[in-house]
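Q: Its first residue numbered 1252, the sequence shown is counted upward by one per residue in our numbering. Mind looking over this structure? Questions follow.
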Amino acid sequence: KYFAIVPALFAGTLPWLKKFDVMNLHSPTSAILSAVIFNAIIIPLLIPIALRGVEYRPVGADALLRGNLLIWGLGGVIVPFVGIKLLDVVLVFLGVIS
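Here it is as structure tokens:
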């Protein structure tokens, strides 16, 4: 999310941040709106997982860490990039952002 918001916020005043704009979103407004909408969608989806918890499985620390990093770590990096970019494209396509 920070790769969407920070370059968009400071692109006008700090032009060197443009190289960090890896998502190439439509505009600063669409970047911020997409990130906010993404958060509004993802937080209610994650609440049931947090409330349910996880079931105990007797596995070693290495296997547990590897599994958690794969699911939650990679998912926490890739899903926001894809989700925010998809929302940006949809907002521009629908004409919400001109």
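Even glycine gets a Cβ: it sits at the ideal position worked out from N, Cα and C.
Could you tell me which of 1275, 1309, 1279, 1274 sits nearest to residue 1263, measuring between CA atoms?
A: It is 1279.
Q: In the DSSP assignment, find the unbroken alpha helix (DSSP H) run with residue 1230 in it and report its ends.
A: With the chain running from 1252 to 1349 in the structure shown, residue 1230 is simply not present.
Q: Can you list, in chain order, the residues of its chain whose CB lies under 8 Å from that of residue 1256, leaving out five sequence neighbours each side?
A: Same-chain partners within the cutoff: 1282, 1283, 1286.
Q: Buried or exposed: which applies to residue 1339, given that a residue is buried once 16 or more other Cβ atoms fall within 10 Å of its Cβ?
A: Classification of residue 1339: buried, given that the 10 Å Cβ count is 16 or more.
Q: Near residue 1269, which residues of its chain fall below 7 Å by C-beta distance, leaving aside the five closest residues on each side in sequence?
A: Answer for residue 1269: 1258, 1262, listed in chain order.
Q: Look at the alpha carbon of residue 1343 and the alpha carbon of residue 1312, and state the distance between them as a whole number of angstroms.
A: Going from the Cα of residue 1343 to the Cα of residue 1312 covers about 45 Å.
Q: Keeping to the same chain, check which residues put their C-beta closer than 7 Å to that of residue 1273; ignore five residues upstream and five downstream.
A: Correct list, in chain order: 1254.
Q: Mind checking residue 1322: buried by the 16 CB within 10 Å criterion, or exposed?
A: Under this definition residue 1322 is an exposed residue.
Q: Quick one: grab the DSSP three-state call for residue 1309.
A: Coil, per DSSP.
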